[in-house]
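Going letter by letter, the sequence shown gives residues 1 to 417 in our numbering.
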Amino acid sequence: MPIPSRNQRHRYSARMRLRGRHVDTGEVVELSIEGTGIAGIGPAPDETAQGPDVLGDDGYWIAPALFDSQVNGFGGKDLNAADTSPEDVAAVMRLLWEAGVARFCPTVTTHSYERMSASLRAIHAACEHDPQVAHAAVTLHIEGPYISSEDGPRGAHPREHTRPPDWDEFRRFQDAAGGRIGYVTLAPELPGAAAFIERLIQEGPRHTADGRQIVVALGHHAGSGEQIRAALDAGARHCTHLGNGAHAQLPRHPNYLWDQLAEDRLAAGIIADGHHLPPAVVKTFVRAKGLERTILVSDAIAAAGLLPGRYPGNKGQELEISADGRIGLAGTPLLAGSGLRLHQGIGNAVRFAGITLPEAIRLATANPARLFGIQAGYGRLTPGHSADLLLFRWDAAASEVTVEATIAGGEIVYRRR
Ligand SMILES: [Zn+2]
């Protein structure tokens with residue numbers, strides 16, 4: 001994202017100003033935006049002159065916009081449908097704006113080569129044709145197909161399409177995605193996994209459009225301690241939705257949850273929707289991984305944001321959304337994905353893990369930005385950085401975030417009515 005040069009900044013007058021409490025300090029500040037970047041931030045004057053280019057007041061909070069590193073769809077729009085279109089990708093992005101999300105990783109899950117590559121092509125096309133999507137879609141995530149075929153670790157991924165890692169197929173996925181895949185979730189116990197990871201790390205940047213280092217994550221797996229360590233030595237450094245995509249029952253110890261929790265080389269994504277992980281588990285995971293290595297994700301699927309009821313899933317199954325927002329495979333105790341909006345995850349993380357609001361915000365801004373290598377400083381309210389901002393109200397008693405406005409690349413893309 002280009003940031004206006006010093007000279008350009010002098011030529012522009014401030015296009016927009018935000019007034020609200022700085023999420024880190026609680027101090028009321030005025031933040032100015034010029035072009036696509038943050039131009040300045042400082043203590044607010046006694047009164048900010050009102051006008052069409054001024055947003056917020058002393059009751060609002062200002063934070064970096066959220067970064068959701070795992071999104072499969074939203075509001076009936078599916079990134080993994082048989083006929084996903086570039087318009088669907090843009091529609092998902094717009095719905096994410098309502099949750100305060102300005103950046104995300106579109107996620108394509110286990111299926112046939114044809115089906116997955118069709119989704120990757122649609123997302124790539126959306127990025128090519130729509131600059132707002134290109135801004136928002138930080139990097140593409142393939143979650144599978146190189147995952148466990150076992151019930152439990154496999155989760156809701158179709159067993160017949162799980163398979164061992166295949167470099168040639170990955171290269172073809174990357175071609176379909178226009179070199180935009182920068183995040184791969186796989187199972188470390190599959191044949192050839194460690195060599196495949198090593199190749200992703202070493203040769204991956206040559207096959208990404210921007211020379212990006214590929215983030216390799218462990219997920220939907222049942223790896224032993226030794227297999228997990230081999231994957232880490234090969235370069236894996238993240239866990240996808242830790243604690244989900246796992247067996248319902250495990251030996252108390254050792255098991256892969258402890259191995260991943262104890263390994264400081266691994267960051268971990270967690271789904272703090274109250275259904276995927278009980279509050280005590282969220283708290284324990286945050287404590288074990290620490291505030292630098294925990295990342296909040298929604299893992300939202302197409303059914304997210306729909307009313308309670310039964311809906312056809314994208315892989316021939318039937319989904320059931322209950323009144324409390326849980327999305328399950330109908331007739332089973334299995335979760336089919338999440339209906340979480342990431343701003344709700346912020347409130348939940350505060351409540352479940354006993355962390356502060358600025359700490360929770362960091363788990364969904366600076367932490368994913370660092371892991372996925374987007375511009376240094378994203379996730380901080382610092383002049384010179386892209387103006388991706390969230391203006392919100394915070395109900396501390398209810399631990400609830402209400403998104404008032406989302407700004408992406410200096411543009412107001414969502415405003416609550
Ligand atoms: Zn998953």
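Backbone N, C-alpha and C define an ideal beta-carbon position, used for all residues, glycine too.
These figures come from a predicted structure and were not determined experimentally.
> Does the beta carbon of G245 fall short of 7 Å from some heavy atom of ligand 1?
Replying inline: Yes, Cβ of G245 sits closer than 7 Å to a heavy atom of ligand 1.
> So, do the stretch 312-324 and the stretch 236-243 have three or more beta carbon pairs nearer to each other than 8 Å?
Replying inline: No contact exists between the stretch 312-324 and the stretch 236-243.
> How close, in whole Å, do the beta carbons of I327 and G337 come, if the pair is a contact with beta carbons under 8 Å?
Replying inline: Right, the Cβ-Cβ distance comes to about 5 Å (below 8 Å), so this counts as a contact.
> Touch check for the stretch 66-80 and the stretch 32-44: three-plus C-beta pairs under 8 Å?
Replying inline: In short, these stretches do not touch, since the Cβ pair count stays below three.
> Which term fits G409, buried or exposed, when burial requires 16 or more other beta carbons within 10 angstroms of its beta carbon?
Replying inline: The Cβ neighbour count for G409, taken over all protein chains shown within 10 Å, is at least 16; the residue is labelled buried.
> Would DSSP call R103 helix, strand or coil?
Replying inline: Assignment of R103 by DSSP, reduced to helix, strand and coil, places it in the strand class.
>> Among the candidates A134, E143, L291, H129, whose CA atom is the shortest distance from the CA of A366?
In response: Put simply, of A134, E143, L291, H129 the residue whose alpha carbon is nearest the alpha carbon of A366 is L291.
>> Taking a contact to mean a Cβ-Cβ separation below 8 Å, would you say P153 touches A222 in this structure?
In response: Less than 8 Å separates the beta-carbon of P153 from that of A222.
> With which residues is T402 paired in a DSSP beta bridge?
Replying inline: DSSP output for T402 lists R393 as bridge partner(s).
>> Would you say the beta carbon of Q275 is closer than 7 Å to some non-hydrogen atom of ligand 1?
In response: In the sequence on display, residue 275 carries His and not Gln. Result no, Cβ not under 7 Å from ligand 1.
> So is R171 buried or exposed if we call it buried at 16+ other beta carbons inside 10 Å?
Replying inline: Answer is exposed; the Cβ neighbour count stays below 16.
> Which two residues bound the contiguous beta strand (DSSP E) that contains Q70?
Replying inline: 66-71 is the span of the beta strand (DSSP E), which, as asked, contains Q70.
> Is T240 near ligand 1, going by C-beta to nearest heavy atom under 7 Å?
Replying inline: Yes, since a heavy atom of ligand 1 falls inside the 7 Å radius drawn around the Cβ of T240.
>> Considering just the uninterrupted stretch of the beta strand (DSSP E) at V297, what are its terminal residues?
In response: Its beta strand (DSSP E) spans residues 294-297.
>> I'd like to check one pair, H238 with A187: are the Cβ atoms closer than 8 Å?
In response: H238 is positioned such that its CB atom lies no closer than 8 Å to that of A187.
> If I181 sits next to L140, beta carbons under 8 Å apart, how far is it from one beta carbon to the other, in whole angstroms?
Replying inline: Rounded to the nearest angstrom, the Cβ distance from I181 to L140 is 5 Å, consistent with a contact under 8 Å.
> Run through DSSP, which three-state label would A122 get?
Replying inline: It is helical.
> With a CB to CB cut of under 6 Å and the five nearest residues on each side skipped, what residues in its chain are close to V28?
Replying inline: So the list reads R21, A44, D58, once near-sequence residues are dropped.
>> Beta-carbon within less than 6 Å of E320's beta-carbon, same chain only, minus the 5 sequence neighbours each way: which residues are those?
In response: Within the same chain, E320 has close Cβ partners R310, G328, A330.
>> According to DSSP, M16 sits in a beta bridge with which residue or residues?
In response: In the DSSP output, where bridge partners are listed per residue, M16 has I33.
>> Between L190 and chain C, is any beta-carbon pair separated by less than 8 Å?
In response: No chain C appears in this structure, which consists of one protein chain only.
>> Quick check on this structure: which residue in I214, L357, P254 has the alpha carbon closest to the alpha carbon of L138?
In response: Per the sequence shown, the amino acid found at residue 138 is Val instead of Leu. Closest by alpha carbon: I214.
> In its own chain, which residues sit with a C-beta less than 8 Å from the C-beta of T382, not counting the 5 before and 5 after it?
Replying inline: Around T382: I38, I41.
>> Please list the terminal residues of the continuous alpha helix (DSSP H) segment that includes L357.
In response: Segment 357-362, the alpha helix (DSSP H) holding L357.
> Quick one, which of V216, R17, L120 has its alpha-carbon nearest Y146's?
Replying inline: Looking at the Cα atoms, V216 is the closest of the given residues.
> Does DSSP put E128 in a helix, a strand or coil?
Replying inline: Three-state DSSP puts E128 in a helix.
> What's the C-alpha gap between R380 and R415?
Replying inline: Each residue's Cα considered, the two are about 21 Å apart.
>> Does the distance between the C-beta of G219 and the nearest non-hydrogen atom of ligand 1 fall short of 7 Å?
In response: The closest heavy atom of ligand 1 lies less than 7 Å from the beta carbon of G219.
> Closer than 7 Å: is that where the CB of G155 sits relative to any heavy atom of ligand 1?
Replying inline: True, at least one ligand heavy atom lies under 7 Å from that Cβ.
>> Going by DSSP in three states, L307 sits in which element: helix, strand or coil?
In response: Correct three-state label for L307: coil.
> Does the distance from the CB of I65 to the CB of F104 come in under 8 Å?
Replying inline: One detail in the question is off: residue 65 reads as Ala in this sequence, not Ile. Cβ distance not < 8 Å, so A65 and F104 don't count as in contact.
> Of the residues V71, H275, R351, D46, which one's Cα is nearest the Cα of V297?
Replying inline: Measuring from the Cα of V297, the nearest candidate turns out to be V71.
> Who are the near neighbours of L371 in its chain, counting only those whose CB is closer than 8 Å to its CB and skipping five residues on each side?
Replying inline: Only residues of its own chain outside the window of five on either side were considered, and among them S69, V215, R237, H238, A267, I295 have a CB closer than 8 Å to the CB of L371, listed in chain order.
>> Please determine whether the Cβ atom of E150 lies at a distance below 7 Å from any heavy atom of ligand 1.
In response: Relative to ligand 1, the beta carbon of E150 is positioned no closer than 7 Å to any heavy atom.
> Among the residues of its own chain, which have a CB less than 7 Å from the CB of P254, if the five just before and after it don't count?
Replying inline: Closer than 7 Å at Cβ, skipping near neighbours: G225.
>> Is the beta carbon of D388 closer than 8 Å to that of I407?
In response: Yes, the pair counts as a contact, with Cβ atoms nearer than the cut-off.
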